[in-house]
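Chemist:
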Amino acid sequence: MAIGLYLVPLTLRTVTNTEYGIWLTVASFLSWFSFFDIGLGNGLRNKLAEALAGNDQQRAREYISTTYAVLTAIALLLTVLFGMVYRYIPWREVFNAPAEVASDLTILVPAVFLLFMVQFVLQLIITVLLADQRPAITNLISLGGTVLTLGGVWAIQQLHQGSVLTLGVVFMLSPVIVLWCTHLYQYRTTYRNIAPAWRYVRTHLAASLTSIGGQF
101 MAIGLYLVPL TLRTVTNTEY GIWLTVASFL SWFSFFDIGL GNGLRNKLAE ALAGNDQQRA
161 REYISTTYAV LTAIALLLTV LFGMVYRYIP WREVFNAPAE VASDLTILVP AVFLLFMVQF
221 VLQLIITVLL ADQRPAITNL ISLGGTVLTL GGVWAIQQLH QGSVLTLGVV FMLSPVIVLW
281 CTHLYQYRTT YRNIAPAWRY VRTHLAASLT SIGGQF
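Using our numbering, the first residue of the sequence shown is number 101, and each one after it goes up by one.
Structure, rendered in structure tokens:
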């Protein structure tokens with residue numbers, strides 16, 4: 101909590117108020133894409149909890165693998181669609197940004213969109229941990245992302261490289277790094293026997309995952 105409170109004033113000392121406002125608007129825009137998980141996260145949490153409670157590792161692995169496969173497909177589809185329309189959208193007008201940050205926006209928007217799509221899939225490890233009744237680790241993941249973000253913002257301030265571009269990349273890349281490291285560790289140790297794999301993808305399970313998730 102204290103780290104989060106320190107992050108805002110540090111950020112405002114690193115970039116201008118206008119640049120910070122633009123970043124908040126871009127981040128809000130990205131958050132809309134979270135709804136494209138079509139309830140799979142909640143569905144996985146419930147189905148996986150049942151499988152783990154029954155010690156059914158085969159079914160647990162199928163649920164995990166299927167959810168990863170479907171979310172990866174959604175992320176790839178969204179990325180392709182975004183790539184098709186990106187160049188035709190006047191981003192400076194969309195975010196009501198001044199002319200001096202126009203060049204940064206043309207790089208920032210696709211960069212953070214791609215990072216968000218990676219995070220869109222990687223955050224499933226949090227769902228797995230919650231289904232396994234391990235909320236303390238999810239809190240550590242959140243803390244790790246915040247600490248890394250704080251360190252990144254401090255670094256660009258010290259290097260005098262503060263801009264809406266560098267700020268956005270730091271804010272989006274930090275949680276991706278933490279989630280990726282969590283993946284590597286958890287699926288090679290604790291969850292080695294239920295780690296996602298293509299051979300365990302069962303497309304017929306997708307419907308049940310989304311139907312349960314849609315109830316939340």
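Cβ coordinates follow ideal geometry from the N, Cα and C atoms, glycine included.
At the level of alpha carbons, what is the spacing between N196 and R292?
Modeler: Roughly 47 angstroms separates the two Cα atoms.
Chemist: Determine the DSSP secondary structure at H260, reduced to helix, strand or coil.
Modeler: If DSSP states are grouped into helix, strand and coil, H260 belongs with coil.
Chemist: Quick check: Q276 and L208, are their CB atoms within less than 9 angstroms of each other?
Modeler: The question names Gln, but residue 276 in the sequence shown is Val. Contact flag unset, no.
Chemist: Need the endpoints of the alpha helix (DSSP H) that P210 sits in, please.
Modeler: Unbroken alpha helix (DSSP H) run through P210: A202 to L222.
Chemist: In angstroms, rounded to a whole number, what distance separates the CA positions of K147 and M217?
Modeler: Rounded to the nearest angstrom, the two C-alpha atoms are 24 angstroms apart.
Chemist: Does the contact criterion of 3 or more C-beta pairs under 8 angstroms hold for the stretch 296–312 versus the stretch 236–256?
Modeler: No, the stretch 296–312 is not in contact with the stretch 236–256.
Chemist: So, helix, strand or coil for G244, using DSSP?
Modeler: It is helical.
Chemist: Can you tell me the Cα-Cα spacing of I174 and L224, whole angstroms?
Modeler: Taking the straight line from one Cα to the other gives about 14 angstroms.
Chemist: When the distance is taken between beta carbons, is T114 closer than 9 angstroms to G262?
Modeler: Their beta carbons are under 9 angstroms apart, which means G262 touches T114 by this criterion.
Chemist: Do V247 and Q286 have their CB atoms nearer than 9 angstroms?
Modeler: No; because the gap between Cβ atoms is not below 9 angstroms, this pair is not in contact.
Chemist: Please tell me whether, using a cut-off of 8 angstroms, the distance from the CB of L152 to the nearest non-hydrogen atom of the ligand MG is below it.
Modeler: Looking at this structure, you won't find the ligand MG or any other ligand, since it has none at all.
Chemist: Once DSSP output is grouped into helix, strand and coil, what is the label at N155?
Modeler: In the structure shown, N155 sits in coil (DSSP, three-state: anything other than H, G, I, E or B).
Chemist: With a threshold of 7 angstroms on Cβ separation, who are the neighbours of E162 within its own chain once the five nearest residues in sequence on each side are excluded?
Modeler: The answer, listed in chain order, is Y300, R302 and L305.
Chemist: Could you check whether L279 and G245 sit closer than 9 angstroms to each other, using their CB atoms as the reference points?
Modeler: Going by C-beta atoms, G245 is nearer than 9 angstroms to L279.
Chemist: Given F182, which residues of its chain have a CB within under 7 angstroms of its CB, disregarding the five upstream and five downstream residues?
Modeler: Within the same chain, F182 has close Cβ partners F213.
Chemist: If I measure Cβ to Cβ from L171 and keep anything under 8 angstroms in the same chain, skipping five residues before and after, which residues do I get?
Modeler: So the list reads D137, L140, F220, V221 and L224, once near-sequence residues are dropped.
Chemist: Put C137 into one of helix, strand or coil per three-state DSSP.
Modeler: Per the sequence shown, the amino acid found at residue 137 is Asp instead of Cys. It is helical.
Chemist: Between which two residues does the alpha helix (DSSP H) containing W123 stretch?
Modeler: Its alpha helix (DSSP H) spans residues N117 to S131.
Chemist: Let me confirm a value: T249 is counted as buried when at least 16 other C-beta atoms fall within 10 Å, else exposed. Which label applies?
Modeler: With 16 or more other Cβ atoms within 10 Å, it is buried.
Chemist: In angstroms with no decimal places, state the Cα-to-Cα distance between I256 and T266.
Modeler: Whole-angstrom Cα-Cα distance: 7 angstroms.
Chemist: If you count every other CB in all the chains shown that lies within 10 Å of the CB of T289, and 16 or more means buried, which is it?
Modeler: Label assigned to T289: exposed.
Chemist: Is the Cβ-Cβ distance between R192 and L205 less than 9 angstroms?
Modeler: Contact flag set, yes.
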